[in-house]
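A quick write-up on the structure given underneath.
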Amino acid sequence: MNELANEPLDEKLSEFFKSEFPKPFPAAPRVIMPVRMARGASPKAARFALAASLLILACLAIFWPKNINNNNSSLRNGPASASDDKRHQLRFLNGKELPKNISPTSSK
Amino acid sequence: MQKEFQSYYDAYSREVWAVAYGRGTNAETANDVLQETFLRLWREMCKGVEIREPRAWLIRVARNLAEDIARSAFSRNGTTEPGLMDQVKSRTEQPEYAVLEKELHGQIREGMQELTTQDREILTMRYSMDYEIPQIAKALGLHTSAVHMRLSRARAKLAECLNQKGIHTAGI
Numbered sequence: 036m037n038e039l040a041n042e043p044l045d046e047k048l049s050e051f052f053k054s055e056f057p058k059p060f061p062a063a064p065r066v067i068m069p070v071r072m073a074r075g076a077s078p079k080a081a082r083f084a085l086a087a088s089l090l091i092l093a094c095l096a097i098f099w100p101k102n103i104n105n106n107n108s109s110l111r112n113g114p115a116s117a118s119d120d121k122r123h124q125l126r127f128l129n130g131k132e133l134p135k136n137i138s139p140t141s142s143k
Numbered sequence: 110m111q112k113e114f115q116s117y118y119d120a121y122s123r124e125v126w127a128v129a130y131g132r133g134t135n136a137e138t139a140n141d142v143l144q145e146t147f148l149r150l151w152r153e154m155c156k157g158v159e160i161r162e163p164r165a166w167l168i169r170v171a172r173n174l175a176e177d178i179a180r181s182a183f184s185r186n187g188t189t190e191p192g193l194m195d196q197v198k199s200r201t202e203q204p205e206y207a208v209l210e211k212e213l214h215g216q217i218r219e220g221m222q223e224l225t226t227q228d229r230e231i232l233t234m235r236y237s238m239d240y241e242i243p244q245i246a247k248a249l250g251l252h253t254s255a256v257h258m259r260l261s262r263a264r265a266k267l268a269e270c271l272n273q274k275g276i277h278t279a280g281i
C-alpha cells in the first residue's frame, strides 16, 4: 500500500492541487494596442462622427435652397446680345444725360 | 487600456485557471485555456465592448473553452486525454517517495474524474488557492451553503474512490 496514503485527505488534496498549480504562475498574454486605438480615437467616437456626418448630409438635403434652377432659367431667357442688354446702357456721356432711346453707339 | 487588462489578469487569472482545471483536470490545458480566455477579453476590449462583470464573463468563457477542449479530446482519443494516465505509473527511475507521490496524485486525478465539473472547480479553488467557502461562493456565483454541501460531498466521494483503490484516508 502507498505509504503516503495514511495522511489526512485534506493534506493529500492540498499537496496534489498545489503540485498541479503552475509555478511560477504564467504571465498575462502579451497584447498590443491596435493602431486605431493607439491614436486615441475610440470606436464610440468614430461611430458618433459617422452619425453626425450623416445627420449634416440629411439636413443639407432637406434645407438646401430649391430656386437654384429658376436662376438658371432666367439666364436662358436673357437678352440675345450685349447691346440689347439694358443693364449695360450708359445714362451719362461727358457729364450729360443721354436720352433714353439713344445708345452711345448710335450717337456717333 | 493595457493597465485595465493587466489588473483583470492579476485579479482573476487564478480563478480562471482553477475553473479550467476543474473542467479538464489537466494543468497544461488549463494554462492554454487561461491564455486564450484573456486574449478573448483583450479582443473584446479592443472592439470597445463594455464588460460589466469581468469576473463572471471570464469564468464563463473559460468554462466553455475547457468544455470544448475536453469534448474534442474525448472525440479524438475515445477516452480521457492521454496525459491523464501518465502519472499513474512512472517507468523512469526516481526516488521512492517521488514515485509514491506521483502514484497517489495519479489516483487522486482518476478519482476527480468521478466528480461533477462543478465539484472539481470547488475542490480546485479550495485546495490550490486556499480559498475559504465564501470566496469560492463569490467566485462561482453560488450560495455559501451550496458550496459547503458540494465541498463535503466531493471530499467524501473522492475519499471513497481512494478507499476503493486501497488508499485509506483520515480526517473526513
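If you read the sequences in order, they're chains C and U.
Take 36 as the starting number for the first sequence in our numbering and just add one per residue.
Take 110 as the starting number for the second sequence in our numbering and just add one per residue.
Don't be surprised by glycine CBs; every beta carbon is placed ideally from N, CA and C.
| field | residue 122 of chain U to residue 91 of chain C span [Cα, whole Å] | value | If you number the second sequence from 1, residue 122 of chain U lands on position 13. If you number the first sequence from 1, residue 91 of chain C lands on position 56. The alpha-carbon separation between residue 122 of chain U and residue 91 of chain C amounts to approximately 47 Å.
| message | Less than 8 Å between CB atoms is the rule here; does residue 214 of chain U satisfy it with respect to chain C? | response | By 1-based counting over the second sequence, the position of residue 214 of chain U is 105. Yes, because at least one Cβ of chain C sits closer than 8 Å to the Cβ of residue 214 of chain U.
| field | Pair within 8 Å by beta-carbon distance, residue 266 of chain U and residue 223 of chain U | value | For the purposes of this step, residue 266 of chain U is identified with residue 157 of the second sequence, where counting begins at 1. For the purposes of this step, residue 223 of chain U is identified with residue 114 of the second sequence, where counting begins at 1. The Cβ atoms of residue 266 of chain U and residue 223 of chain U sit closer than 8 Å to each other.
| message | For residue 175 of chain U, would you say it is in contact with chain C, using Cβ-to-Cβ distances shorter than 8 Å as the test? | response | For the purposes of this step, residue 175 of chain U is taken as residue 66 along the second sequence, with counting starting at 1. Taking Cβ atoms only, chain C never reaches closer than 8 Å to residue 175 of chain U, which makes this a no.
| Does the Cβ of residue 252 of chain U have 16 or more other Cβ atoms within 10 Å, making it buried, or fewer, making it exposed? | Position 143 of the second sequence holds residue 252 of chain U. Per the 10 Å Cβ criterion, exposed.
| request: Check the Cβ-Cβ distances between residue 199 of chain U and every residue of chain C, and say whether any is below 8 Å. | output: Translated into the one-based positions of the second sequence, residue 199 of chain U becomes position 90. Summary for residue 199 of chain U: the model assigns pLDDT 49, below 50, so the residue's position carries little reliability; its value from the coordinates is reported in the next sentence. So no, residue 199 of chain U is outside the interface.
| field | Beta-carbon spacing of residue 140 of chain U, residue 64 of chain C below 8 Å | value | Indexing the second sequence from 1 puts residue 140 of chain U at position 31. Indexing the first sequence from 1 puts residue 64 of chain C at position 29. Cβ atoms of residue 140 of chain U and residue 64 of chain C: not closer than 8 Å.
| request: Check whether the Cβ of residue 155 of chain U lies closer than 8 Å to any Cβ atom in chain C. | output: One-based indexing of the second sequence puts residue 155 of chain U at position 46. Yes - at least one Cβ of chain C is within 8 Å of the one on residue 155 of chain U.
| said: Please report the distance separating the alpha-carbon of residue 99 of chain C from that of residue 93 of chain C. | reply: Within the first sequence, numbered from 1, the residue matching residue 99 of chain C stands at position 64. Within the first sequence, numbered from 1, the residue matching residue 93 of chain C stands at position 58. Straight through space, the alpha carbons of residue 93 of chain C and residue 99 of chain C are spaced by roughly 10 Å.
| message | Need the endpoints of the alpha helix (DSSP H) that residue 83 of chain C sits in, please. | response | Taking the first residue of the first sequence as 1, we reach residue 83 of chain C at position 48. Counting along the chain, the alpha helix (DSSP H) containing residue 83 of chain C begins and ends at 78-98.
| task | With 8 Å as the threshold, decide whether the Cβ of residue 83 of chain C is near any Cβ in chain U. | result | Here residue 83 of chain C is taken as the residue at index 48 of the first sequence, counted from 1. Contacts with chain U at 8 Å (Cβ-Cβ) do not include residue 83 of chain C.
| Given that a residue counts as buried once 16 or more other Cβ atoms are within 10 Å of its Cβ, and exposed if not, what is residue 132 of chain U? | Locating residue 132 of chain U in the second sequence gives position 23, counting from the first residue. Buried: at least 16 other Cβ atoms inside 10 Å.
| request: Pull up the DSSP beta-bridge partners for residue 128 of chain C, would you. | output: Sequence index remark: in the first sequence, residue 128 of chain C carries index 93 (1-based). Its beta-bridge partners are C:131.
| field | Exposure label - residue 217 of chain U; buried when at least 16 CB within 10 Å | value | In the second sequence, residue 217 of chain U corresponds to position 108, counting from 1. It counts as buried.
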